[in-house]
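**Q** Take this structure, written in structure tokens, and hold onto it; I'll ask about it next.
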Amino acid sequence: DDNDTIVVGDDKTQDKDVLDHSETVIEKLRDELQNEQAKLREELQNEQACRKNVEDKLKAATATNDELSVQCEDLKGKVIALTEEKELLSNQLKQREHEFEIETNSIRRLSSKLVQLPWKRIRKRLKR
């Protein structure tokens, strides 16, 4: 009674179904993996671009800092030179003020002597 036996499927058909299902799962996993790899590559590129941007800004800031340091040293030198020049000019001014005071005193003494001259007698002699 072969007619009473119900054949669901032979082993080859079941193996093929399992194989097809496995291939489908593998394909799906491969697609997910590729998508994940693409996302990671994009993240890596973004992080590398960000890092390069930060490095460029750091280089620029370092260059600016170095330039400002040079300018600062230059200005310190100029301040020292100007301070020395101011000191020299101040000393020259004091010397000239002292000389002016001596001249002023000398003029006062001469003026005092001029006033004391016998002007009446001098005029008489000049008229002769």
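For the sequence shown, this note's numbering gives the first residue as 947, with consecutive numbering after it. From the three backbone atoms N, C-alpha and C, an ideal C-beta is built for every residue, glycine too.
Counting along the chain, where does the alpha helix (DSSP H) carrying residue 1074 start and finish?
**A** Neither: residue 1074 is in no alpha helix (DSSP H) and is coded neither H nor E.
**Q** Quick one: give me the first and last residue of the alpha helix (DSSP H) that residue 1063 is part of.
**A** Element bounds for residue 1063: n/a, residue is neither H nor E.
**Q** Could you check the C-alpha separation between residue 986 and residue 1016 for me, to the nearest Å?
**A** Counting only the Cα atoms, residue 1016 lies some 44 Å from residue 986.
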